[in-house]
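Quick notes on the structure that follows.
Residue numbers (our numbering), protein chains in the order written: chain P, 533 to 1040; chain F, 80 to 434.
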């Protein structure tokens, strides 16, 4: 069975990136052994960080809850092997903002002793959606595509919308990355059953698994799994291999021909998108009882000796992972967590592998500095922009810090895919510029909100003062009235009480 | 282990401004050869002078503006300006005319507006217009193209160099002997003298479409332009806009009355139409920037070329048409913003940010 490529929406622009995945797909997924030390950041998800519920010196088991979800949107963290908590401290991590974050550090005892499952595993069909949502929340499951939004929250929010489709995103469009591809090849059944669980929880009956056309093995494996389960609700859709077709809104556009409205979410057009890895994690937790304590990561690039996909415990440091696969080559210069288009470069390999880490990319080359030329408005950036922005104009207004123009030219619609950077003959770091312009815009908004609040406070204070003044005046008038009505005798009495001269005052 | 920090994306771009400009220059080589064949070696000397003055002016301005000279000079943009100026000028042009056009183009039209990327007007066309106004006599001296069947005296290489340096021709080779009215001039005067298009077209100066020689240079210019389009150095919108803007009104008028109107073919293959469509109007810096805007920008140039040639006092209207449309660019860009994905068609573009 081959997946149909017809009946797809179209994507404007995009790029055909060098694929560079064969290096890491040549071998089956290797399992990284228990490291000596695990570093588990409290914030591995979007939303509020989890709060630790273990103390220093405490012994923890594999799969044990060590930090609980905190706040409206949050996810718990589990120990990924057994050992002793030695510290809860700041540790270098890979994040968009900030270089260090609080982490629980566990010294592993190597026994990898798992926590005893108190509850029996009930078939998911017998469980109500609410129970499943709660379970998924406890399992610490977050979106593994990169945004790491807590899955339970995403599912619960989606049930309030009128949903039509569940889309499993297996479109891994960035160069180098192949962890989802390998997952689908080796664990297609986990993905398919995960999809069934999600469909059951969402009470949906249509699911598309979107896979890029350059992954025939994955498509084949999925097709086999689907024939085995005989589930007509789930279908594979083959997506053209164009970057960034795997971005959430873009996948929706390709699969359903619907555009996610600006500032909206895929649920606004009846779609819920989950990464295939998330579906597999849901399966592992609901059907196998293993919370999200490990993941598949591509370790690749010309900076590592033997590129491959590994399954490692969350919290294993990059140094340990790279060590396991044979270490760096001599030319390793850049360490990137994530893909070559949207990843983030870090300065040290002490950073731990977290739930979001789909790729560890080590490159030998660094971009030449100081080669930026003036923009010649060639417009190639607009040709490749998947959301039809005019990056050349945005760049102009970003330089001028013209907030109104940036807004009207759709800066907030930029998905930061980096296509424009790659075709710019002047080598302008457009995406980085847009990112900082967005940040400035947000700061400005915050500032305006603060100013607005201060203004309101001031105004209400003025109103209050005026009201009080008026009240006092009324009070005074009433008192005068009372005195007047009381007659001269009473006035005399009052004056005497206050000890003031009386006659002269009265004459005036 | 420690590593270097950089910003995403980590793949490096494969194109650069210098390679784009270099390919534009390569694309003009066939036309240059044709030009030398039909009009003598004059253009080569003009090219050398224009290159020297454009690069010199660029370097001097960068020095004055305290910008690094080396990287800006090595982007070849000044040389593209020089090449276009030398194609615009007659093959016999005194050096100071070329120098004035080059210097004005680079100093005033380019650097006084902020240098590459910031110039509103096409530097080559601005420079050309200045000399067109300042030295009209020199700009009208076009040699006749090489034609096997007509007895015609060609200036030698030495004579060409001497003319370029001094504007003096040998006594036995007067202006009248070497120069001919250009096909565009002939058409203009012919039509105003109540001659029909066919009568004018019978003149031996005329080729199958435009002027003899001129049309061949145009062919090679177009060839270079199509190569640039295939290499995606230039996109199709502007050339198509220019050509359509010229073909549609001229075609309509020629169809209405072929006696008193020149054919669309004549408009396309005479003067600088092809140079304009593929090399001048496509200068990205001074052109409109959205795909739809570029189509409109090109069409505006085409229509203006037609209007100036038909009713204006200049024989060719390319430079003025380009400069006029340069002025319209901000408005075109503003009005042709593409619909961003996720926005409705006529929606006012304001957003609430995704939370």
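Positions of the beta carbon are idealized from the N, C-alpha and C atoms, including for glycine. Quantities reported herein were computed from a predicted structural model and do not represent experimental measurements.
Which residues in the same chain have their Cβ closer than 8 Å to the Cβ of residue 858 of chain P, if we skip the five residues on either side of it in sequence?
So the qualifying residues of the chain are 836, 837, 838.
Between residue 180 of chain F and residue 164 of chain F, which are expected to be in contact by the criterion C-beta below 8 Å, what is the C-beta distance as a whole number of angstroms?
5 Å
Following the continuous beta strand (DSSP E) through residue 303 of chain F, name the residue where it begins and the one where it ends.
Not the beta strand (DSSP E): residue 303 of chain F falls in the alpha helix (DSSP H), residues 293-309.
To the nearest whole angstrom, what separates the beta carbons of residue 437 of chain F and residue 122 of chain F, a pair I think is in contact under 8 Å?
The structure shown does not extend to residue 437 of chain F, since chain F is modelled only from 80 through 434, so no value can be given for it.
Determine which residues of the region 957-972 of chain P have a Cβ less than 9 Å from any Cβ of chain F, and write them out in chain order.
957, 958, 959, 961, 963, 964, 967, 970
Contacts of residue 880 of chain P in chain F (Cβ-Cβ under 9 Å)
80, 81, 82
Going by alpha carbons, who is nearest to residue 915 of chain P out of P:905, P:907, P:956?
P:956
Distance between beta carbons of residue 868 of chain P and residue 895 of chain P, contact taken as under 8 Å:
7 Å
On the criterion of 16 or more Cβ atoms from any shown chain inside 10 Å, does residue 434 of chain F qualify as buried, or is it exposed?
With a pLDDT of only 37 at residue 434 of chain F, under the threshold of 50, the placement of this residue in the model should not be trusted, and no figure is reported.
Rounding to the nearest angstrom, what Cα-Cα distance links residue 588 of chain P and residue 572 of chain P in this structure?
14 Å
Own chain, CB closer than 8 Å to residue 339 of chain F, minus 5 neighbours either side, in chain order:
270, 275, 276
Does residue 560 of chain P get closer than 8 Å to chain F when you measure Cβ to Cβ?
no
Check whether chain F comes within 8 Å of residue 876 of chain P, counting only Cβ atoms and requiring the distance to be less than that.
yes
Are the C-beta of residue 548 of chain P and some C-beta of chain F separated by less than 8 Å?
no
Neighbourhood of residue 543 of chain P by C-beta, 7 Å cutoff - its chain only, sequence neighbours within 5 removed
Once the five neighbours on either side are set aside, the close Cβ partners of residue 543 of chain P are 774, 777, 782, 785, 786, 918.
Would you say the region 810-819 of chain P touches the region 662-679 of chain P, given that touching needs at least three Cβ pairs under 8 Å?
By the Cβ rule, the region 810-819 of chain P counts as touching the region 662-679 of chain P, because three or more pairs are nearer than 8 Å.
Chain P within 8 Å of residue 420 of chain F, Cβ atoms only
Yes, residue 420 of chain F counts as interfacial toward chain P.
Residues sharing a beta bridge with residue 221 of chain F, DSSP
F:259
So which residues of chain P does residue 89 of chain F contact, with C-beta pairs closer than 8 Å?
866, 868, 872, 873, 875, 877, 893, 895, 899
Is the beta carbon of residue 1048 of chain P sitting closer than 8 Å to the one on residue 726 of chain P?
One cannot answer for residue 1048 of chain P here, as it falls past the ends of chain P, which runs 533 to 1040.
Identify which residue in P:794, P:818, P:889, P:958 has its Cα closest to the Cα of residue 651 of chain P.
Answer by Cα proximity: P:818.
From residue 797 of chain P to residue 719 of chain P, what does the alpha carbon distance come to, in whole angstroms?
29 Å
Enumerated in chain order, which unbroken segments of the alpha helix (DSSP H) with a length of 4 residues or greater are wholly contained in the region 759-821 of chain P?
The region 759-821 of chain P contains these whole alpha helix (DSSP H) runs: 780-788, 808-820.
Grouping DSSP H, G and I as helix and E and B as strand, with all else coil, what is residue 1041 of chain P?
Residue 1041 of chain P falls outside the range modelled here, since chain P spans only 533 to 1040, and no answer is possible.
Does residue 309 of chain F come within less than 8 Å of chain P when only Cβ atoms are used?
no
Report yes if the CB atom of residue 561 of chain P is closer than 8 Å to the CB atom of residue 746 of chain P, and no otherwise.
At a Cβ-Cβ threshold of 8 Å, residue 561 of chain P and residue 746 of chain P do not count as neighbours.
Beta-carbon proximity list for residue 330 of chain F, same chain, < 6 Å, skipping 5 on both sides
Only 343 meet the Cβ criterion.
Can a CB atom of chain F be found closer than 8 Å to the CB of residue 791 of chain P?
yes
List the residues of chain P whose Cβ lies closer than 9 Å to the Cβ of residue 99 of chain F, in chain order.
908, 910, 957
Could you spell out where the beta strand (DSSP E) holding residue 1045 of chain P opens and where it closes?
Residue 1045 of chain P is absent from the structure shown; chain P starts at 533 and stops at 1040.
If we count the other Cβ atoms within 10 Å of its Cβ and call it buried at 16 or more, is residue 1010 of chain P buried or exposed?
exposed
Are there 16 or more other CB atoms within 10 angstroms of the CB of residue 334 of chain F, so buried, or fewer, so exposed?
A residue is called buried once 16 or more other Cβ atoms fall within 10 Å of its Cβ, and residue 334 of chain F, having fewer, is exposed.
CB contact below 8 Å: residue 64 of chain F versus chain P:
Past the boundaries of the shown model lies residue 64 of chain F; chain F is included only from 80 to 434, so the question cannot be answered.
I'd like the span of the alpha helix (DSSP H) that includes residue 160 of chain F, first residue to last.
Run containing residue 160 of chain F: 156-167, per the alpha helix (DSSP H) assignment.
Would you grab the beta carbon distance between residue 830 of chain P and residue 556 of chain P for me? Rounded to a whole angstrom, and I think it's under 8 Å.
That pair is a contact at about 5 Å.
First and last residue of the beta strand (DSSP E) that includes residue 585 of chain P?
Per DSSP, residue 585 of chain P belongs to no beta strand (DSSP E) and is neither H nor E.
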